[in-house]
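Below: one structure, written as structure tokens.
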Amino acid sequence: MKIPSAYSNDPHSARFDAAAFAAPGAENAVLYAWVWNAPLDEEGICARLDEMTRLGVQALYIIPEPKSFRPTIMPTALEPDYLTPPYFELFAFAMAEARKRGMRTWLYDEGGWPSGGACGKVLLANPHLAKHSLEKRTVTVAAGEKYTPAADVLAAFDEAGRMAYCADDGAAPAAFEKETALREYYARRQFFDAPGMPDYPDLMLRESCDAFLASTHEKYAPYL
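Quick note: the sequence shown uses my numbering, first residue 885, plus one each step.
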């Protein structure tokens, strides 16, 4: 392949290999997603890998979609269950068979998507890691009464924007001479709105990341 003159002074042009570009090999091939959403066995795994080989697939990753992924809006029939020993054994078998066929394989780190919850397993084992959202509500304090915040209140402000309470500074709640409306801000544990959707942990917490890695990558490691 002739390099266009406009690029003749480009130091990278000398490294361009037309043959490698035309046939990049498994290391740089198009990466295909292989969805696992039905019962698995070794015979079926080999049959599908043979078909992919026939079609020229050189690189792949497996996306498992467990029954718990979207049980009401996207039901699946994956067996064995995600992240169980029989599942890992078949996963390792699939990886070994793919390598026999010269395929490049990658690890997808979640049951379904998005990543971070191990398809609900992180929160089942660590409910305290549930993500929260900052919410607000309005309460009215009668004239002469002392404001008593609920246990979940983080801060409260009057209509002029003055702080009436802050959980972090330890100040005693104020008493008001006249009836006063306060905006309370509090943290609410957040869930998906769709029925049957798995809950996800607060991904801003290091502990959530550690729990996810322990549930997924570290569980794959002995088998791969």
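Beta carbons: idealized from backbone N, C-alpha and C, even for Gly.
**Complete runs of the beta strand (DSSP E) confined to the region 907-936 [at least 3 residues]** = 915-920
**Message:** Closest to A922 by C-alpha separation, out of L915, Y1031, D901, F953, would be which residue?
**Reply:** F953
**Prompt:** Grouping DSSP H, G and I as helix and E and B as strand, with all else coil, what is M885?
**Reply:** For M885, the predicted structure reports a pLDDT of 49, less than 50, and the residue's modelled location is therefore unreliable. The matter cannot be settled from this model.
**Asked** So is M885 buried or exposed if we call it buried at 16+ other beta carbons inside 10 Å?
**Response** Note on M885: pLDDT 49, under 50, position unreliable in the model; no value is reported.
**Message:** Taking the alpha carbon of C930 as the reference point, which residue from L974, A913, E963 has its own alpha carbon closest?
**Reply:** L974
**Request:** Can you give me the start and stop residues for the beta strand (DSSP E) that C1093 sits inside?
**Result:** It is not in any beta strand (DSSP E) - C1093 instead sits in the alpha helix (DSSP H) that spans 1090-1099.
**Item:** Expected contact under 8 Å - CB spacing of L1038 and A1051 to nearest Å
**Value:** 5 Å
**Prompt:** What's the call for T956, buried or exposed, on a 16-neighbour Cβ count within 10 Å?
**Reply:** exposed
**Item:** 8 Å Cβ shell around M979 - same chain, five flanking residues per side excluded
**Value:** T989, L1108
**Message:** Given this structure, state the Cα-to-Cα distance separating D993 from K1020, to the nearest angstrom.
**Reply:** 35 Å
**Message:** Quick check: the Cα distance between D901 and P1011, rounded to an integer number of angstroms?
**Reply:** 53 Å
**Per-residue DSSP class, three states only, for A1035** = coil
**Prompt:** Is it right to say L962 is buried, meaning 16 or more other beta carbons lie within 10 angstroms of its own, or is it exposed?
**Reply:** buried
**Message:** Any beta carbon from chain B within less than 8 Å of R1090's own beta carbon?
**Reply:** Any reference to chain B falls outside this structure, which holds one protein chain only.
**Request:** Please name the residue in C1093, A1071, E1061 whose C-alpha comes closest to that of Y1031.
**Result:** E1061
**Prompt:** In three-state DSSP terms, what is E1063?
**Reply:** coil
**Message:** Could you compute how far the alpha carbon of Y1070 sits from the alpha carbon of V941?
**Reply:** 52 Å
**Request:** Could you give the DSSP three-state label for K1005: helix, strand or coil?
**Result:** helix
**Prompt:** With a CB to CB cut of under 8 Å and the five nearest residues on each side skipped, what residues in its chain are close to T1100?
**Reply:** L967, D993, E994, A1002
**Prompt:** Just checking my contact of P964 with L924 at CB under 8 Å: how many whole Å lie between their CB atoms?
**Reply:** 7 Å
**Request:** Starting from the C-beta of Y916, find all residues in its chain whose C-beta is less than 6 Å away, skip the five residues before and the five after it, and write them out in chain order.
**Result:** V941, L944
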